[in-house]
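Student:
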């Protein structure tokens, strides 16, 4: 899902990939977040696209992105994405906007990857129907560490200009060997 999060992450792909995800928050079908992402590596870098949809017929947000990621040497990957964002609120209208996001990944040692990304640094408006509203501007830094094969420790700090700092942490551990 690098095409929709940090486009620099696509640069390390060795084969084409597709990802699909859908989840409902708090068990409400009105709060369903659906993702589709695809990336194709070439000799010139990796090209990707992503589509994200959140909401229902009353309120929804959609984001379509076209991304490019490239490796700069063995340790550095960069990426940029152009985003088309749509916000629709029943009885208010629809807003359409263009913005971009960019990312960087750095692998200082084997097993440790650090990353940074920014979304909407230009503070684009949410669109003609929402002239006073702005798309969120997000800055994030994170790290992934693989202390042993199959185990991954993750951490991210994300800051929006309009909200408090959001800290995220996770661990991936294989529970079952491949079938």
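Residue numbers (this note's numbering): 17 to 195. Beta carbons: idealized from backbone N, C-alpha and C, even for Gly. All values derive from a computational prediction rather than experimental measurement.
What does DSSP give as the partner residue(s) for residue 57 in the beta ladder?
Tutor: Residue 57 pairs with 62.
Student: Can you check which of these residues, 32, 152, 108, is closest to residue 58 by C-alpha distance?
Tutor: Checking every option, the nearest Cα to that of residue 58 belongs to 32.
Student: Please determine, among 24, 18, 78, the residue with the shortest C-alpha to C-alpha distance to residue 54.
Tutor: Per the Cα distances, 18.
Student: Which residues in the same chain as residue 75 place their Cβ atom closer than 6 Å to its Cβ, once the five residues preceding and following it in sequence are excluded?
Tutor: Counting only Cβ-Cβ distances below 6 Å, and skipping sequence neighbours, we find 105.
Student: Among 37, 73, 125, which one has its Cα closest to the Cα of residue 108?
Tutor: Out of 37, 73, 125, 73 has the C-alpha closest to the C-alpha of residue 108.
Student: If the criterion is Cβ atoms closer than 8 Å, does the pair residue 170 and residue 163 meet it?
Tutor: Cβ atoms of residue 170 and residue 163: not closer than 8 Å.
Student: Quick one: what's residue 42 bridged to in DSSP?
Tutor: Paired residue(s): none; residue 42 is not in a bridge.
Student: For residue 24 versus residue 94, is the C-beta spacing smaller than 8 Å?
Tutor: Against a cut-off of 8 Å, the Cβ pair of residue 94 and residue 24 comes out as a contact.
Student: Can you tell me whether DSSP reads residue 89 as helix, strand or coil?
Tutor: Coil at residue 89, not helix or strand.
Student: Report the three-state DSSP secondary structure of residue 24 (helix, strand or coil).
Tutor: The answer is helix: DSSP assigns residue 24 an H, G or I state.
Student: Taking just the CA atoms, how far does residue 46 sit from residue 38?
Tutor: C-alpha separation (whole angstroms): 12 Å.
Student: Under the assumption that residue 174 contacts residue 154 (Cβ atoms under 8 Å), give the Cβ distance between them as a whole number of angstroms.
Tutor: So it is a contact: roughly 6 Å between Cβ atoms.
Student: Around the Cβ of residue 160, are there at least 16 other Cβ atoms within 10 angstroms (buried) or fewer (exposed)?
Tutor: Looking at its Cβ environment, which holds 16 or more other Cβ atoms inside 10 Å, residue 160 is buried.
Student: Please look up how many angstroms separate the CB atoms of residue 70 and residue 77, rounded, as I've assumed it's under 8 Å.
Tutor: Indeed, because the Cβ distance is near 5 Å, the residues count as touching under 8 Å.
Student: Consult DSSP for residue 144 and reduce its assignment to one of helix, strand or coil.
Tutor: Reduced to three states, the DSSP call for residue 144 is helix.
Student: Among 180, 147, 165, which one has its Cα closest to the Cα of residue 187?
Tutor: That would be 165, whose Cα lies nearest to the Cα of residue 187.
Student: Using the three-state DSSP reduction, which class does residue 177 fall into: helix, strand or coil?
Tutor: Note: residue 177 maps to coil in three-state DSSP.
Student: By the DSSP assignment, the beta strand (DSSP E) with residue 162 in it spans what residues?
Tutor: Segment 154-164, the beta strand (DSSP E) holding residue 162.
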